[in-house]
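Just so you know, numbering that gives the first Met the number 0 puts the end of the sequence shown at 373, numbered straight through with nothing missing.
Glycine is no exception: its CB is placed at the ideal position from the N, C-alpha and C atoms.
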Amino acid sequence: MLKRISFALFDSGETVLSALVFSTFFPLYITEFVDTKTYSLLYGFSFLLSFGLALYFGKLADSKALRKHFFSFFGSAIPVFCMLIGFFYQYPFIALVFFLIMSVLHQQAFVFYNSLLLGFESRGFTSGMGVAFGYVGSAFSLIFLADKLEGREVYFAVAFLFLVFMIPSLLTVENPTAKGSVELKRLVSEKRFLFLIVSILSVTEVANTLVAMMSIYLREVYQLSSEEIYKIVGLSAIGGILGGFFWGFLTDKLGVKRVFPAGFALWISFLCILPVIPAELLLLAGFSAGLALSHIWTTSRVFILHEFPASEAAVRMSFLSLTERIASTTGLLIWALFLFLTADNMKLSAFLMIVFPLIGIIAYTAFLKNTNIT
């Protein structure tokens, strides 16, 4: 249990970093000095660079069983560069360079962190505990820290918290010993892997769009106050915490192949109900959204580790990380397109997002057919 908690605590630190630095304070700070389009372009480029580096280091880590070594190196470097942003806070362009480096380090660390699940027998519950702890970290940072920190002190506080949450995993989580090499050319032509990645991507598109746009949706469609929106978002966090444990337990009990497809039904049901749900039931909708969100983040990494060789874990986790980055961008672009086509009809646009889980079902069916063939 100690190893599980240590593993999950890193998820807490990662969400504190994401909630306070990547999503809130740094974008608001740097866009006072750098054009938003330029910042977005540089930030997006860091994701592409991260993917390329993750493939390279992933191959190296898999061939020599260095997954924890790379996790330790990249993870430990993150608080260093976070503090450097604080030290150079008065020099925004230098701070931006350090931020982009930290972004690359963060993506690398998370790839190798996910591959450490190989060392656990109960991967589902361990993954779900990480998701649950991540929701706790996000809620803690937004409720207790966001309005109390300002300026450069944000980066010192986050760096300290991140390091504190990371140390237990450095001390107790074991390095998976599986070794092997994988040819990238073979990997990108492996149909069943690509179909699984597309099925994960399709659901992640909806999940990331929901996270980004739900507050705006609730304000525009239901004319809710900020306090009412916070309650619904807060209840979704509770749903995420409980969902992490629930889906993790179910994954170990029934098998990830049976639990993962439930995500399609969850999102199709949610998107069908969302446009017609009365205001009185929005708290229940928020809780349901948390359950659906925790499902994809709990099961996807476990599924990849379950279906493909342990000796290729880090390289394949690089593709999982890429799907999350792609989903963050394209989901919002498609949402904007739907709003344009429906003349800003948010309810109809929300319903049209159902196309993604439907695509996911098609891709997942193709994955199963190719699994049977192999």
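Item, Value
"Pair within 7 Å by beta-carbon distance, GLU182 and GLY330", "no"
"Rounded distance between the beta-carbons of ARG66 and PRO175, thought under 8 Å", "6 Å"
"Proximal residues to SER201 (C-beta, below 7 Å), its chain only, five neighbours per side dropped", "PHE355, PRO356, ILE358, GLY359, ALA362"
"Close-in-space but distant-in-sequence residues of the same chain around VAL301 (CB under 8 Å, 5 per side omitted)", "LEU116, ARG122, GLY123, SER126, THR250, VAL255"
"Coarse secondary structure for LEU65, derived from DSSP in three states", "coil"
"Coarse secondary structure for ARG151, derived from DSSP in three states", "coil"
"With 16 other Cβ atoms within 10 Å as the buried cut-off, status of GLY12", "buried"
"Cα-Cα separation between LEU151 and THR30, rounded to whole angstroms", "It is Arg, not Leu, that sits at residue 151 in the sequence shown. The straight-line gap from Cα to Cα measures roughly 16 Å."
"Residue range of the unbroken alpha helix (DSSP H) whose run includes SER293", "281-306"
"ALA177 vs PRO274 beta-carbon contact at 7 Å", "no"
"The segment 330-343 in contact with the segment 159-166 per 3-pair CB rule at 8 Å", "no"
"As assigned by DSSP and simplified to three states, the class of GLN106", "helix"
"Where ASP34 falls: helix, strand or coil (DSSP)", "coil"
"Three-state secondary structure (DSSP) of GLY113", "A small correction: the amino acid at residue 113 is Asn; Gly does not occupy that position in the sequence shown. The answer is helix: DSSP assigns ASN113 an H, G or I state."
"Length of the line joining the Cα atoms of GLY136 and PHE86", "25 Å"
"Straight-line gap, PHE6 to ALA291 (C-alpha atoms, nearest Å)", "22 Å"
"As assigned by DSSP and simplified to three states, the class of TYR90", "coil"
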